[in-house]
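The opening position of the sequence shown corresponds to residue 1 in UniProt numbering, with each subsequent residue numbered one higher.
Heads up: the structure comes next, in structure tokens.
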Amino acid sequence: MSAQQIISVNTDGTYRLNSQLLQTILTREDVKNERVAIICAAGPARKGKSFLLNFFLRYFQHKRSADWLRVNLDEHLDGFNWTKGSEGVTTGIWLWSEPLKMSAQDGGQICVFLMDTQGINGNENLLALSTVLATVTLYNSRHGLKQNDIEIFHAATERGINAVENENPVQKLIFLIRDWGHAHAHSFGFEGGNEYLEAVRENHELNNTLGQHFTQLSSFLMPYPGDVISEDDFEGQVKLIEGEFVKSLDKLIPGVVNEIEVNTVLRTGQDVYKRFNDYFAALMQ
């Protein structure tokens, strides 16, 4: 199991889709006729997107048990490539190559795939593509939701929708506010995040427009994980992370995964593969 780069950046700045690799992932026998959900981390570079997705992996690796963050506390955080430096390491779009399987409400099966995206700085087309493909988009921002974040995401969403004929494919959007420093005003988690989002929406018309596109719009506030994340010997060990951050992970990740069928449309692996190719052609070529 590993992350595979399905969209790469050419030397001239254009993008290339590895359709054959994508086909291998999404149309394998145990996926092609099953419902697929894509959880995507998006946003500016160096905001911890890859780091976060690896905790989704950990959740599934520990069988989605209630104690998934209370065992193997020395375990290194592996999966998507992440670093502690100032330079972004993700280019293009990467997809976890193995389906993370879970039971659907009707007794069937859902195959969850994790998608990691390049920082959006100057790459709004990638953001548009990932947004129209994702079941849930986690838009990472630090300290708060800024006007620039809203405008960039709004433009990308409009571009993605306009490139797809006769349908609005976007689904859930969660504004994930990292390093939130105002818990006295709005508490960590979904409740405080949604209160904060309502306050922001009162002041930003574009955010209200976003709410009309997505099947569900919410926000989650997360604390700072601690200075340990910048230390050379830190490899993602849970025991070294601040307790409040761990508590937030334990609310966010099960909350996203266990509600994956709420306000979403899940399509088969074969259908998602076709849409990926069609949307890429409409947006990137």
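Where a beta carbon is used, it is the ideal one built from N, C-alpha and C, also for glycine.
None of the values given here were measured: they were computed from a predicted structure.
Looking at the DSSP output, Leu-17 bridges to Ile-7. Pairwise C-beta distances place the region 221–239 out of contact with the region 5–24, as fewer than three of them are shorter than 8 Å.
The DSSP-derived three-state label of Asp-227 is helix. Ser-130 sits away from Phe-175, with the two beta carbons spaced by 8 Å or more. Under the DSSP definition of a beta bridge, Ala-42 partners with Tyr-139.
Looking only at Lys-146, Gly-189 and Cys-40, the smallest Cα-Cα distance to Ala-128 is reached by Cys-40. The three-state reading of DSSP puts Met-115 in strand, counting E and B together. In the DSSP assignment, Ser-50 falls within the alpha helix (DSSP H) that extends over 49–61. Here Leu-69 really is in contact with Val-246; their C-beta atoms are around 6 Å apart, less than 8 Å. For His-213, same chain residues with a beta-carbon under 7 Å away, outside a window of 5 residues either side, are Thr-157, Ile-161, Asn-168 and Val-170 in chain order.
As the crow flies, the alpha-carbon of Leu-283 is around 42 Å from that of His-184. Sequence-distant Cβ neighbours of Glu-261 in its own chain, meaning closer than 7 Å and more than five residues away, are Ala-104 and Gln-105.
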